[in-house]
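> Just passing along the structure, written as structure tokens.
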Amino acid sequence: MVARNQSQKKTSLNKQYQFFSQQVVQWYLNHGRHDLPWRKKVTPYRIWVSEIMLQQTQVKTVIPYFKNFIKKFPSQKKLSVATEDQILAAWSGLGFYRRARNIYASKEIIKKEYGNKFPKEFHQIINLPGIGKSTTGAILSLAFLDPHPILDGNVKRVITRFLHKDLNSMKEAELWKLSSDLINRDDCFSYTQGIMDLGATICTPSKPSCSICPVSSQCLSAFKVRSLKKNKSASKKKVISMNLSLIQTKKSLLLAKNEDESIWKNLWLPFESVSLENYVQDFQLIATQNIKHELTHRRLNINLSTYMSSKESKIQTNQQYKWIKKDRIDEYGLPKPITKVIKEL
Ligand code: SF4
Numbered sequence: 033m034v035a036r037n038q039s040q041k042k043t044s045l046n047k048q049y050q051f052f053s054q055q056v057v058q059w060y061l062n063h064g065r066h067d068l069p070w071r072k073k074v075t076p077y078r079i080w081v082s083e084i085m086l087q088q089t090q091v092k093t094v095i096p097y098f099k100n101f102i103k104k105f106p107s108q109k110k111l112s113v114a115t116e117d118q119i120l121a122a123w124s125g126l127g128f129y130r131r132a133r134n135i136y137a138s139k140e141i142i143k144k145e146y147g148n149k150f151p152k153e154f155h156q157i158i159n160l161p162g163i164g165k166s167t168t169g170a171i172l173s174l175a176f177l178d179p180h181p182i183l184d185g186n187v188k189r190v191i192t193r194f195l196h197k198d199l200n201s202m203k204e205a206e207l208w209k210l211s212s213d214l215i216n217r218d219d220c221f222s223y224t225q226g227i228m229d230l231g232a233t234i235c236t237p238s239k240p241s242c243s244i245c246p247v248s249s250q251c252l253s254a255f256k257v258r259s260l261k262k263n264k265s266a267s268k269k270k271v272i273s274m275n276l277s278l279i280q281t282k283k284s285l286l287l288a289k290n291e292d293e294s295i296w297k298n299l300w301l302p303f304e305s306v307s308l309e310n311y312v313q314d315f316q317l318i319a320t321q322n323i324k325h326e327l328t329h330r331r332l333n334i335n336l337s338t339y340m341s342s343k344e345s346k347i348q349t350n351q352q353y354k355w356i357k358k359d360r361i362d363e364y365g366l367p368k369p370i371t372k373v374i375k376e377l
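Sequential numbering of the sequence shown, starting at 33, is according to our numbering.
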């Protein structure tokens, strides 16, 4: 009797899983965001770039950066000859620059070990810098139609709500198993895109739209999810203050490569004011300004002093620095708030 009950339970679970995976595919085919640039033309290279850009960044923010990146580096081969500076320049403004440095490190591996062909085995992809298990799953399912689970925040939310499970008390391994069990193996492309879209547009964190959700008829949490109040303490950001000095001539700017292990590692910045203490008396101070800039987890408070110099002077410093022509600034990776100020000069 117990065995019969268990087998009945398993059958109904299988049906529920099957329903979910079929509905997600059908919904994606009818209502998915097919016009996203990385979905219009699918190649492993484009999927890889889009998946890295989409880590920690919303779709609508990524779109113009993806288009611009692909315009500059349309293929793996074109990217293979890019310098880290050129990749950081194409990434400039998108933030989380570690991702751009990982793209650079990965393309070097792809060039040396795979002859500029994006690898298609799980162990090869997961060993590339900046790629975890979920991104590997997405690349395999989307670019090679090889079904593998993904598990980002959106997917965790959708699947645990659908089965009315407590996300906080579940182990990662259980969530991976669930995500794997739900995959539609006949159409892993539409399923993977579909579950991403469902989490981003319908089963959202605070106001799920259960009335138009394709899985609501069998969702064990449908219409029961209450709006979640935003956790105020979670939105508290760390404030980072900087004092920077920007030296310019009529045609060029003095910038230093930031080699600190900070958010802006390997990007070009004005010098920290303290490093130029012995030089600033040679230049004419023309402006001081305070720039506030919000990042996802940080609030930047930058005091920027701008000086005019009559010539491109040499300075004694341990840092790598350059006088960069103003009309060639787009060829260098600069953080967004700094680019903004420079363009306003
Ligand atoms: S019915 Fe509601 S809670 Fe369930 S998956 Fe859909 S949007 Fe989420």
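Idealized CB from N, CA, C, for every residue including glycine.
Round the Cβ separation of S166 and D184 to the nearest angstrom and send it over; I've been treating them as touching at under 8 Å.
6 Å
> Let me know the beta strand (DSSP E) ranges lying completely inside the region 267-330, each 3 residues or longer, listed in chain order.
270-280, 284-289, 316-326
> Determine which residues share a DSSP beta bridge with T338 and list them.
In DSSP, T338 forms a bridge with L278, A319.
> If I'm right that F150 touches Y77 with Cβ under 8 Å, what's the distance once you round it to whole angstroms?
6 Å
> If the criterion is Cβ atoms closer than 8 Å, does the pair M340 and I318 meet it?
yes
> Let me check one thing: in DSSP terms, what residues is W355 bridge-paired to?
L286
> Below 6 Å CB to CB, which residues in the same chain sit around Q48 once its five sequence neighbours on both sides are set aside?
Q250
> Quick check on N186: does DSSP put it in helix, strand or coil?
helix
> Using only the alpha-carbon positions, how far apart do Q186 and A232 sit?
Residue identity differs from the one stated: residue 186 is Asn in this sequence, not Gln. Rounded to whole angstroms, N186 to A232 spans 7 Å at the Cα level.
> Thinking C-beta only, is G226 closer than 8 Å to V56?
Yes; because the gap between Cβ atoms is below 8 Å, this pair is in contact.
> Does DSSP put N332 in a helix, in a strand, or in coil?
It is Leu, not Asn, that sits at residue 332 in the sequence shown. In the structure shown, L332 sits in a strand (DSSP, three-state: E or B).
> Using the Cβ count rule (16 or more neighbours within 10 Å means buried), how would you classify E206?
Classification for E206: exposed.
> Taking the alpha-carbon of L126 as reference, which of L111, P96, E145 has the nearest alpha-carbon?
The residue among L111, P96, E145 with its C-alpha nearest the C-alpha of L126 is P96.
> Can you tell which of D198, K188, C220, Q321 has its C-alpha closest to the C-alpha of Y60?
C220
> Given the structure, does C235 come close to the ligand SF4, in the sense that its CB is under 7 Å from one of the ligand's heavy atoms?
Between the ligand SF4 and the CB of C235, the shortest heavy atom gap is smaller than 7 Å.
> So A137 is in the alpha helix (DSSP H); what residue range does that whole segment cover?
130-146
> From S138 to I79, what distance separates their C-alpha atoms?
14 Å
> Between A254 and the ligand SF4, is there a pair consisting of the residue's CB and a ligand heavy atom that are separated by less than 7 Å?
yes
> Can you tell me whether F194 sits near the ligand SF4, meaning its C-beta is under 7 Å from at least one heavy atom of the ligand?
yes
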